[in-house]
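Q: Read left to right, the sequence shown gives residues 0 to 148 (numbering that gives the first Met the number 0). All C-beta atoms in this analysis are idealised placements derived from N, C-alpha and C, irrespective of residue type, glycine included. Bear in mind that the values here come from a model prediction, so they are computed numbers and not experimental data.
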Amino acid sequence: MSRFKINLFLFLKLPSAFWCGVRLKSITQGQCVTSVRHRWFNQNPFQSMYFAVQAMAAELSTGALVMRSIQESGKKISMLVANNKGNFTKKATGRITFTCNDGQKVNDAIQQTIATGEGQTVWLKSIGTNEKGEQVSEMDFEWTVKIKN
């Protein structure tokens with residue numbers, strides 16, 4: 000799972016996120032960082048980034064960790080967002096960076112579903128910050144994973 004491959008995946012499978020400017024910046028076993036720049040194309044009527052664009056970037060920061068963990072397991076495992084919630088605390092302008100540090104939670108859920116054969120759910124948090132380091136949003140995604148038959 001490289002930065003290039005995930006950004007290519009965005010272009011091919013999630014073109015709306017790609018054209019809005021969502022990009023994966025880095026991914027490790029424990030952390031994923033994405034970003035998106037506020038532009039005319041992804042703004043709301045209040046001259047800030049549309050909430051759905053923030054949600055796309057935040058979801059990618061959590062989902063890429065799930066994809067990576069599945070790939071590393073070598074098993075056929077399905078993944079799906081079951082729920083999400085968001086909190087917006089500041090106007091999102093400039094480059095917004097989303098960071099998810101929940102890689103260990105993902106790995107634990109994948110190992111549990113492999114060990115038991117039962118589906119698992121895990122809540123992952125992504126924090127969005129502006130160029131000054133100020134938090135602009137916080138999003139949580141409940142991912143479900145289960146072994147494919």
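#1: Would you report the Cα separation of Ser72 and Ile109, rounded to the nearest angstrom?
#2: Mind checking who Lys145 pairs with in its DSSP beta bridge?
#3: Taking the DSSP output, what are the residues bridged to Lys24?
#4: Tell me which residues share the same chain as Lys147 and place their Cβ nearer than 7 angstroms to its Cβ, disregarding the 5 neighbours each side in the sequence.
#5: Of the residues Gly62, Gln134, Ile95 and Asn86, which one's Cα is nearest the Cα of Val80?
#6: The beta strand (DSSP E) with Thr96 in it runs from where to where?
#7: So which of Val35, Leu64, Thr88 and Trp18 has the shortest CA-CA distance to Lys104?
#8: Roughly how many angstroms lie between the CA atoms of Asn129 and Lys84, to the nearest whole one?
#9: Could you check what DSSP says for Gly127 in three-state terms: helix, strand or coil?
A: Considering the structure as presented:
#1: 8 angstroms
#2: Ser77
#3: In DSSP, Lys24 forms no bridge with anything.
#4: Lys75, Ile76 and Ser77
#5: Gly62
#6: Arg94 to Cys99
#7: Leu64
#8: 20 angstroms
#9: strand
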